[in-house]
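Enquirer: Shown below is the structure under consideration.
Protein chains in written order, with my numbering: chain A, 1 to 251; chain B, 1001 to 1275.
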């Protein structure tokens, strides 16, 4: 591991250690926060019991569907909007301010329309993640060097071949940034929607534990969500790094 | 059908070519080029020099088939060039056009793979081209691991493997330092001699044009027309050492005589241009 990586790990370990010490010494009331070691212990017990298996599958499944839809539709809309400059001019202010608007205010409307099912949660995930993918696609296509279009002409490539063989690979690093953001936004939106109102799921489990003053369970589930988010982001980062290495552009 | 001129067989020809870019809303149309005539002789090295914005690159793109002329005709090996790059024409651009997601070897073989050529033949041609351009040891490297000059050599290799009969170079060394440009000039001369291709080089550097070319076309400010076409009289076997010869100074001096006024015009300094 690099020196920077070791420092990073040290910072995390120090923070966990400080929290552990604060909880054990009584500096933090254990009725408010339990020590991290107890969170881990409780999580192991919950996972071993298998009682949240269905919720894990449900939540991760919903996130996967929401992210996949956001990436595919976001890319398609991005390509379409890029090809229509006037439409883009009209939509640009919406994209620029989209994340300044709390889209979650529409969640009750979606529940009213679709009922208390998976659909409103998936739609919240898509609504939160899709614009990041659209913006990344527009950004990526903007940055495809114009000379590549001339190279395509020299090689007598059609529009599809130009798009697939030159423009798409040239825009790929920006598109992947969109994918990473979509995953993060999708994750946040799904867990939050479940937390607010849903029949099941990890977010719902955390909300139930919170309502029941079941700190051990609540913190254990929060630790689990944090761990999953960290693993997914680390995997995406590693993938991004391997792409960058292939281009000889890794730091 | 190919015609001949006093200097040899005509390989490519521009006749009465003009290019006018239609004006965007609220703007006037821009008359970029011509009317202009040019007969490129088979196997010659022809350079085009001119002030900034005089239409040099437009001329190359019209000749390549990347743009349609507004008026006039363009032919290559006796056939009309009409908005499609003909087989046998290779183009190297000023901008870095290497593909960062492919290795040097895959960059060089890109066009051949598109043509569906058998893999052993592709490998042979790519290996030859990389060896010729001094890139053999970098075959598995990615463009971002190379210098600007080496990336330009990758682009030349990608053109070279297609064995073009007409090579169009659009200021390929424009972004390089003076020493690298001189050395790259030697590379291009070696390439020109070994392939026997006709070469048209667009450049803003008078010394580069004087060193490399059999003939040099000096263009006017926009709309670009040839004011004079100068025969350098260099032997085919030449290299960058000719920059020390007296004739080299005479050629660059004559080019500057032609271009000084036009360059001032293009900069909008009409009063100085009239002196």
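From the three backbone atoms N, C-alpha and C, an ideal C-beta is built for every residue, glycine too.
Since residue 1114 of chain B meets chain A, which of its residues come closer than 9 Å, beta carbon to beta carbon?
Expert: Chain A residues near residue 1114 of chain B: 155, 156, 157, 161 and 165.
Enquirer: Tell me whether residue 1077 of chain B is buried or exposed, calling it buried when 16 or more other Cβ atoms sit within 10 Å of its Cβ.
Expert: Answer is buried; the Cβ neighbour count reaches 16.
Enquirer: Kindly indicate which residue of B:1100, B:1057 and B:1237 has the alpha-carbon position closest to the one of residue 1147 of chain B.
Expert: With distances taken between Cα atoms, residue 1147 of chain B lies closest to B:1100.
Enquirer: Going along chain A in order, which residues have a C-beta closer than 9 Å to the C-beta of residue 1256 of chain B?
Expert: Those do not exist, as residue 1256 of chain B stays about 30 Å from chain A at its closest Cβ, beyond 9 Å.
Enquirer: So, are the CB atoms of residue 1055 of chain B and residue 1224 of chain B less than 7 Å apart?
Expert: Yes, these two residues count as a Cβ contact at 7 Å.
Enquirer: Taking only the alpha-carbon atoms, compute the straight-line gap between residue 1243 of chain B and residue 1178 of chain B and give it to the nearest angstrom.
Expert: So the two alpha carbons sit approximately 13 Å from each other.
Enquirer: Give the DSSP-derived three-state secondary structure of residue 1014 of chain B in the structure shown.
Expert: Note: residue 1014 of chain B maps to strand in three-state DSSP.
Enquirer: Taking just the CA atoms, how far does residue 22 of chain A sit from residue 111 of chain A?
Expert: If I take the Cα positions, the gap works out to 42 Å.
Enquirer: Which first and last residues belong to the beta strand (DSSP E) in which residue 1215 of chain B is found?
Expert: Residues 1215 to 1219.
Enquirer: Using a cut-off of 7 Å between C-beta atoms, extract the partners of residue 247 of chain A located in chain B.
Expert: Chain B residues near residue 247 of chain A: 1100, 1101, 1142 and 1144.
Enquirer: Among B:1045, B:1214 and B:1249, which residue has its Cα nearest to the Cα of residue 1233 of chain B?
Expert: For residue 1233 of chain B, the nearest C-alpha among the options comes from B:1214.
Enquirer: Quick one, are the C-beta atoms of residue 1159 of chain B and residue 1065 of chain B less than 7 Å apart?
Expert: It is not a contact, given that the beta carbons lie outside the stated cut-off.
Enquirer: Going by beta carbon distance, what residues of the same chain come within less than 8 Å of residue 1002 of chain B, once the five residues before and after it are set aside?
Expert: For residue 1002 of chain B, the pLDDT reaches just 45, beneath the cut-off of 50, and the residue's location in the model is therefore unreliable, leaving the point undetermined.
Enquirer: Can you pull the DSSP bridge partners for residue 1228 of chain B?
Expert: BP columns for residue 1228 of chain B point to B:1218.
Enquirer: Hey, would you say the C-beta of residue 233 of chain A is under 6 Å away from at least one heavy atom of the ligand ADP?
Expert: Looking at this structure, you won't find the ligand ADP or any other ligand, since it has none at all.
Enquirer: For residue 14 of chain A, does the count of other Cβ atoms within 10 angstroms reach 16, so buried, or fall short, so exposed?
Expert: Classification of residue 14 of chain A: exposed, given that the 10 Å Cβ count is below 16.
Enquirer: Using the Cα positions of residue 154 of chain A and residue 1165 of chain B, report the straight-line distance between them to the nearest angstrom.
Expert: If I take the Cα positions, the gap works out to 14 Å.
Enquirer: Under 7 Å, do residue 39 of chain A and residue 220 of chain A count as touching if we go by C-beta distance?
Expert: It is a contact, given that the beta carbons lie within the stated cut-off.
Enquirer: Which word fits residue 242 of chain A, buried or exposed, when buried means at least 16 other C-beta atoms lie within 10 angstroms of its C-beta?
Expert: So residue 242 of chain A ends up on the exposed side.
Enquirer: Kindly list, in the order they appear in chain B, the residues whose Cβ is closer than 9 Å to that of residue 85 of chain A.
Expert: Within 9 Å Cβ-Cβ: nothing; residue 85 of chain A doesn't reach chain B, min ~12 Å.
Enquirer: Could you compute how far the alpha carbon of residue 62 of chain A sits from the alpha carbon of residue 138 of chain A?
Expert: Rounded to the nearest angstrom, the two C-alpha atoms are 26 Å apart.
Enquirer: Excluding sequence positions up to five away, which residues of its chain have a Cβ less than 8 Å from the Cβ of residue 107 of chain A?
Expert: Excluding positions up to five away in sequence, the list reads 120, 124, 193, 196 and 197.
Enquirer: Return the chain-ordered list of same chain residues with a C-beta closer than 6 Å to the C-beta of residue 1195 of chain B, the five sequence neighbours on each side being excluded.
Expert: Same-chain partners within the cutoff: there are none.
Enquirer: Tell me the rounded alpha-carbon separation between residue 177 of chain A and residue 43 of chain A.
Expert: Spanning the two alpha carbons is a distance of roughly 32 Å.
Enquirer: Tell whether a beta-carbon distance below 7 Å holds between residue 180 of chain A and residue 236 of chain A.
Expert: Cβ distance < 7 Å, so residue 180 of chain A and residue 236 of chain A count as in contact.
Enquirer: Return yes when the Cβ of residue 182 of chain A is within less than 7 Å of the Cβ of residue 103 of chain A, no when it is not.
Expert: Their beta carbons are not under 7 Å apart, which means residue 103 of chain A does not touch residue 182 of chain A by this criterion.
Enquirer: I'd like to know whether the C-beta of residue 1095 of chain B is nearer than 7 Å to at least one C-beta of chain D.
Expert: No chain D appears in this structure, whose protein chains are A and B.
Enquirer: Between B:1186, B:1122, B:1123 and B:1121, which lies nearest to residue 1153 of chain B when the distance is taken from Cα to Cα?
Expert: Of the listed residues, the one whose Cα sits closest to residue 1153 of chain B is B:1186.
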